[in-house]
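> If you count the sequence shown from 1, position 250 lands on 250 in the UniProt record's numbering, and the numbers rise without skipping. Beta carbons are placed, not taken as given, at the ideal position from N, Cα and C, and that holds for glycine.
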Amino acid sequence: MWLDSPACRALELDDEGLPPDFEEIDPTTPLNDAKHFGEGVKRGVIHVLATIPLSPSDRVTLIPEALELFERLLTLKLTQAPPTLTQDNHDFNDSLCEFYDCYRPNHRVRCMLLDVALPQSLVIASHEFRRSNQDLAAVMEIPDIDDERNGLLLFSPLKYAFDRHQISFIGDDKGDLRLKIFDSSIQDTRLVDLKDRDGKRLLGKRRLRTLRKRTQDFDVETTFGSVDGRALAFTNLKRPFYQWLNFQARVAE
Numbered sequence: 001m002w003l004d005s006p007a008c009r010a011l012e013l014d015d016e017g018l019p020p021d022f023e024e025i026d027p028t029t030p031l032n033d034a035k036h037f038g039e040g041v042k043r044g045v046i047h048v049l050a051t052i053p054l055s056p057s058d059r060v061t062l063i064p065e066a067l068e069l070f071e072r073l074l075t076l077k078l079t080q081a082p083p084t085l086t087q088d089n090h091d092f093n094d095s096l097c098e099f100y101d102c103y104r105p106n107h108r109v110r111c112m113l114l115d116v117a118l119p120q121s122l123v124i125a126s127h128e129f130r131r132s133n134q135d136l137a138a139v140m141e142i143p144d145i146d147d148e149r150n151g152l153l154l155f156s157p158l159k160y161a162f163d164r165h166q167i168s169f170i171g172d173d174k175g176d177l178r179l180k181i182f183d184s185s186i187q188d189t190r191l192v193d194l195k196d197r198d199g200k201r202l203l204g205k206r207r208l209r210t211l212r213k214r215t216q217d218f219d220v221e222t223t224f225g226s227v228d229g230r231a232l233a234f235t236n237l238k239r240p241f242y243q244w245l246n247f248q249a250r251v252a253e
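#1: Closer than 7 Å by C-beta to D115: which residues in its own chain qualify, once you throw out the five before and the five after it? Chain order, please.
#2: Kindly give me the distance between the Cβ atoms of C111 and F162, rounded to whole angstroms, as I take these residues to be in contact under 8 Å.
#3: Per DSSP, Y103 forms a beta bridge with which residues?
#4: Looking at the structure shown, is W2 part of a helix, part of a strand, or coil, going by DSSP?
#5: Just curious, the beta strand (DSSP E) that R178 is in, first and last residue?
#6: Give every residue of the same chain whose Cβ lies closer than 6 Å to the Cβ of F99, excluding the five residues on either side of it in the sequence, and list them in chain order.
#7: Helix, strand or coil: which one does DSSP assign to P143?
#8: What is the DSSP secondary structure of V123, counted as helix, strand or coil?
#9: If we call anything under 8 Å between Cβ atoms a contact, is I142 one with Q166?
#10: What's the gap between the Cα of D146 and the Cα of F241?
#11: With a cut-off of 8 Å, do at least 3 Cβ pairs link the region 195-207 to the region 170-180?
#12: So is N93 buried or exposed if we call it buried at 16+ other beta carbons inside 10 Å?
#13: Under 6 Å Cβ to Cβ from A117, same chain only, skipping five residues before and after it: list those, please.
#14: Below 7 Å CB to CB, which residues in the same chain sit around R231 once its five sequence neighbours on both sides are set aside?
#15: Does DSSP put L152 in a helix, a strand or coil?
#16: Just the C-alpha distance for L194 and D144, rounded to the nearest angstrom, thanks.
#17: Could you give the first and the last residue of the continuous alpha helix (DSSP H) run that contains G199?
#18: Rounded to whole angstroms, what is the Cα-Cα separation between N246 and R212?
#19: Should T189 and F224 be called a contact, given that it needs their Cβ atoms to be closer than 8 Å?
#20: Please return the same chain residues whose Cβ sits closer than 8 Å to the Cβ of G229, not counting the five positions on each side in sequence.
#21: How big is the Cα-Cα spacing for V192 and P157?
#22: Do you know whose CA, among V227, R164 and T210, lies nearest E128's CA?
#23: My output table needs one value for R230: the three-state DSSP class, helix, strand or coil.
#24: Taking just the CA atoms, how far does L153 sit from C97?
#25: Can you check which of these residues, R130, S121 and L113, is closest to N106 by C-alpha distance?
#26: Could you say which of L18, V123 and Q243 lies nearest to N150 if we only look at CA atoms?
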C-alpha cells in the first residue's frame with residue numbers, strides 16, 4: 001500500500017510495486033524543480049518510497065570506509081563496557097558449572113583453562129560478550145546474553161585479564177580454543193601476583209592462603225607465559241560460542 005498524504009489514505013500499488021502515476025526522477029534534480037516537486041516543497045512536504053530488503057542477498061552493502069568506522073565504534077563500545085556485572089551474577093556462575101560439568105567436591109570448581117579444581121570463590125564466570133553490552137546483543141545476533149555458551153569459568157586472575165582484553169582464546173585448526181596473550185607486560189607475571197589497575201593484588205593474603213591449603217594440583221609459580229597457547233579443557237561435549245571468542249580476540253588485538 002502507498003500512503004499519499006498525511007491523512008494516510010492508502011492507494012493500491014501496481015504490479016511493479018509502484019503507486020499510481022509514479023515517475024522516476026533523476027537523483028540530481030534540484031529540490032526547487034517545480035515540475036516534479038511543485039508547491040509541496042515550500043510546505044516541507046516530500047513523499048519518499050522506501051523498500052525494505054526481503055532477503056539476505058538484498059542487504060545494503062556498506063562502503064569500506066563506513067564499515068571500518070562501524071567496527072571502530074563497536075570495538076570502542078565493547079572495550080569500554082565494565083565487566084563487573086558478570087562477577088555479581090551468581091545464577092550465571094551456577095549455570096556454567098552445570099553446563100560445563102565443573103562442580104567438584106568440597107565446594108570447589110574446575111577452572112576450564114588450568115583444568116584443576118580450585119576453591120569455588122576463586123573460579124568466576126566471565127561473559128564472552130559482556131552483559132553490560134546487552135543493548136547490542138540483538139545487533140550482534142545473540143539471542144540470550146546469559147546463554148551458557150556465552151561464558152567461561154576461569155581462575156579469578158585469568159578472568160580479570162580476559163575481561164580487560166589482556167588475554168583471549170583463539171580457535172586452532174583442530175577446533176581447540178587456545179589462550180593467547182595480547183598484553184606482553186604480564187608474560188612473566190605469576191597468576192597469583194596479578195594486580196588490578198590500582199596496583200592492588202587480586203588475591204590477598206587470605207585468599208592466597210586458602211588457595212594453598214585447599215588445592216594440591218595447582219602450582220602457584222604458574223605464570224601467564226606458561227599457559228600461553230594452552231587449550232581450554234572440556235569434560236563433555238558442550239562448547240562455548242567459538243565466533244564470540246574469536247571476536248573478543250579481534251577486539252583485544
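Concretely, from the data shown:
#1: Along the sequence shown, one-based indexing puts residue 115 at 115. Cβ within range, chain order: A233.
#2: Working through the sequence shown from its first residue, we reach residue 111 at position 111. Working through the sequence shown from its first residue, we reach residue 162 at position 162. Contact doesn't hold; Cβ gap of about 12 Å is too wide.
#3: Against the sequence shown, residue 103 aligns to sequence position 103. Partner(s): V109.
#4: Numbered from its first residue, the sequence shown carries residue 2 at position 2. Since pLDDT at W2 reaches only 45, below the 50 mark, its modelled position is unreliable, and the value read off the structure follows with that caveat. In the structure shown, W2 sits in a strand (DSSP, three-state: E or B).
#5: Translated into the one-based positions of the sequence shown, residue 178 becomes position 178. That run of the beta strand (DSSP E) goes L177 to I181.
#6: Position 99 of the sequence shown, counted from the start, is the residue given in the question as residue 99. If we look at F99 and ignore the five residues flanking it on each side, its Cβ neighbours are E148 and K238.
#7: Indexing the sequence shown from 1 puts residue 143 at position 143. It is coil, neither helix nor strand.
#8: Indexing the sequence shown from 1 puts residue 123 at position 123. It is a strand residue.
#9: Here residue 142 refers to the residue found at position 142 when the sequence shown is read from its first residue. Here residue 166 refers to the residue found at position 166 when the sequence shown is read from its first residue. No, the Cβ-Cβ distance between I142 and Q166 is not below 8 Å.
#10: The residue you call residue 146 lines up with position 146 of the sequence shown. The residue you call residue 241 lines up with position 241 of the sequence shown. D146 and F241: Cα-Cα distance of roughly 12 Å.
#11: no
#12: Here residue 93 is taken as the residue at index 93 of the sequence shown, counted from 1. Classification of N93: buried, given that the 10 Å Cβ count is 16 or more.
#13: For this step, residue 117 is matched to residue 117 along the sequence shown. Contacts found: R104, R108 and R110.
#14: Taking the sequence shown and counting its residues from 1, one reaches residue 231 at position 231. It should be noted that the sequence gives Ala, not Arg, for residue 231. Taken in chain order, the residues that qualify are D176, L177 and R178.
#15: Here residue 152 refers to the residue found at position 152 when the sequence shown is read from its first residue. In the structure shown, L152 sits in a strand (DSSP, three-state: E or B).
#16: Here residue 194 refers to the residue found at position 194 when the sequence shown is read from its first residue. Here residue 144 refers to the residue found at position 144 when the sequence shown is read from its first residue. In a straight line, the C-alpha of L194 is about 32 Å away from that of D144.
#17: On the sequence shown, residue 199 is found 199 positions in, with the first residue counted as 1. Segment: none, G199 is in no alpha helix (DSSP H) and carries neither H nor E.
#18: Numbered from its first residue, the sequence shown carries residue 246 at position 246. Numbered from its first residue, the sequence shown carries residue 212 at position 212. Near 34 Å, if we compare the C-alpha coordinates of R212 and N246.
#19: In the sequence shown, counting from the first residue as 1, residue 189 sits at position 189. In the sequence shown, counting from the first residue as 1, residue 224 sits at position 224. Their beta carbons are under 8 Å apart, which means T189 touches F224 by this criterion.
#20: Residue 229 sits at position 229 when you count from the first residue of the sequence shown. The residues are R178, L179 and K180.
#21: To locate residue 192, count along the sequence shown from 1; it is residue 192. To locate residue 157, count along the sequence shown from 1; it is residue 157. Approximately 7 Å, taken between the alpha carbons.
#22: Start at 1 with the first residue of the sequence shown, and residue 128 comes out as number 128. Checking every option, the nearest Cα to that of E128 belongs to R164.
#23: The count along the sequence shown starts at 1 and reaches residue 230 at position 230. It is coil, neither helix nor strand.
#24: Counting from one through the sequence shown, the residue named residue 97 turns up at place 97. Counting from one through the sequence shown, the residue named residue 153 turns up at place 153. The alpha-carbon atoms of C97 and L153 are separated by roughly 8 Å.
#25: On the sequence shown, residue 106 is found 106 positions in, with the first residue counted as 1. Among R130, S121 and L113, the Cα nearest to that of N106 belongs to S121.
#26: Residue mapping note: residue 150 aligns to position 150 of the sequence shown, counting from 1. Of the candidates L18, V123 and Q243, the one whose C-alpha sits nearest the C-alpha of N150 is Q243.
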